[in-house]
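Structure first, commentary second.
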Amino acid sequence: MIEVPSLDGWFPSDVPGPVALAEHVRATGNGRWWADRAAAPRAVAVACADHVLLEGDPRYVDPDALAPLANGYVLARTRFLPVLGAAFEHVVPWERMIWVQSRPVPRRRPPRDVVVRRLAPRDGPAVAAAGDDVRWNTRSWGGAQGLAASGHAWGAFRSGRLVSLACTYFLGDRYEDLAVVTLRGHRREGLALACLSGLCGDVAARGRTPGWTCSRGNRPSRRLAWTAGFRLFGEYVHYAVGRPAGAGRPGGTTRALGAR
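So in UniProt numbering, the last one in the sequence shown is 260, and the numbering has no gaps at all.
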């Protein structure tokens, strides 16, 4: 597969969930597109922040050409499993849930020593200083500064330090897929809900609907989604893939489809 400019018509724009990734890449420029050929492609992939959408006819996908998608999470139809199994050392199915907000986030006043507000470009250093717990939220925006300047994130600050964050992770045309994190030592104070309240208000003002995805087994995330007025829309499976098959093994070509 070769890298190509943004493509239209391959993924739906009227459903919530991870397919918003394609719209996010088109809107923000954060991410990359691939296809089996530049003109009239028969198979395409779009990637952002370690997440990949793969669509089309797997007969036109060379497993070796999927190496740039290694160590990520691939959403693809089951017909792509043989190709993924040939391309990567392991392919692990991961059950996920899609939630859509059906009622406003309950308003909760944060503690007196906490300020909750929309992030601004000047907040880039504070986002970066929050460390690994927050870093994964920034990847779909190209990093801490990109997220802070996006206008799509709210944060809770204590003594000038960012301690909770809610942001749009993938910006879709109709739905915005959200992500939330609160640093250890600052949880169970309603900070995530306070950030979500501001963010969801912004999403509604933009004429879109807030969405949420999480692992089926992530009970804290599910509880937060329910408390914030989200209700289950559906479920899906994506695949955690490892290194390219045979990577680091001279002469090794073992290609197995893993499961759990």
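Even for Gly, the Cβ is constructed at its ideal location relative to N, Cα and C.
Remember, it's a predicted structure, so these values are computed and weren't measured experimentally.
Nearest neighbour of residue i, chosen from the options [CA to CA]
i	options	result
Glu176	Arg109, Leu54, Phe230 and Ala129	Phe230
Pro121	Arg108, Trp154, Trp94 and Val91	Trp154
Arg59	Val52, Cys48 and Val44	Val44
Val15	Pro244, His238 and Phe233	Phe233
Gly31	Val105, Leu81 and Tyr169	Tyr169
Ser215	Tyr239, Gly207, Leu171 and Ala194	Tyr239
Val180	Arg161, Leu224 and Asp202	Leu224
Gly217	Asp113, Arg96, Gly9 and Glu55	Arg96
residue 261	Tyr73, Leu165 and Ala87	Here the chain covers residues 1 to 260 and nothing more, so residue 261 does not appear.
Val241	Ser159, Asp36 and Leu84	Leu84
residue 344	Ala129, His90, Pro106 and Val114	The requested residue 344 does not occur in the structure, where the chain is confined to residues 1 to 260.
Val114	Leu147, Ala130 and Ser159	Ser159
Beta-carbon proximity list for residue i, same chain, < 6 Å, skipping 5 on both sides
i	result
Ser150	Trp141
His186	Val163
residue 271	Outside the displayed span of the chain (1 to 260) sits residue 271, for which this structure offers no information.
Ala126	Leu162
Gly56	Arg42, Ala43 and Val44
Leu199	Trp154 and Ala166
Test: residue i CB closer than 8 Å to a CB of chain D
i	result
Ala27	Protein chains in the displayed structure number just one, and chain D is not present.
Exposure label - residue i; buried when at least 16 CB within 10 Å
i	result
Asp33	The question names Asp, but residue 33 in the sequence shown is Trp. The residue is buried, with at least 16 neighbouring Cβ atoms inside 10 Å.
Thr78	exposed
Pro220	exposed
Arg137	Here the sequence assigns Asn to residue 137, which means Arg is not the residue at that position. So Asn137 counts as buried.
Pro5	exposed
Leu66	buried
Ser197	buried
Within 8 Å, strictly: CB atoms of residue i and residue j
i	j	result
Ala144	Gly124	yes
Thr227	Leu183	no
Ala86	Pro63	yes
Val237	Pro82	no
Contacting residues, own chain, Cβ-Cβ under 7 Å from residue i (five flanking each side not counted)
i	result
Gly190	Arg108 and Pro110
Val19	Phe11, Pro12 and Leu53
Chain-order list of residues whose beta-carbon lies under 8 Å from that of residue i (same chain, five-residue window excluded)
i	result
Asp50	Asn71, Gly72, Tyr73 and Arg139
Gly17	Ile98, Tyr175, Asp177, Gly211, Thr213, Phe233, Gly234 and Tyr236
Ala129	Arg161 and Leu162
Glu3	Arg32, Trp33 and Trp34
State whether the segment 202-219 contacts the segment 99-106, with contact taken as three or more CB pairs (one from each stretch) at a distance under 8 Å.
With the rule of 3 Cβ pairs closer than 8 Å, the segment 202-219 counts as touching the segment 99-106.
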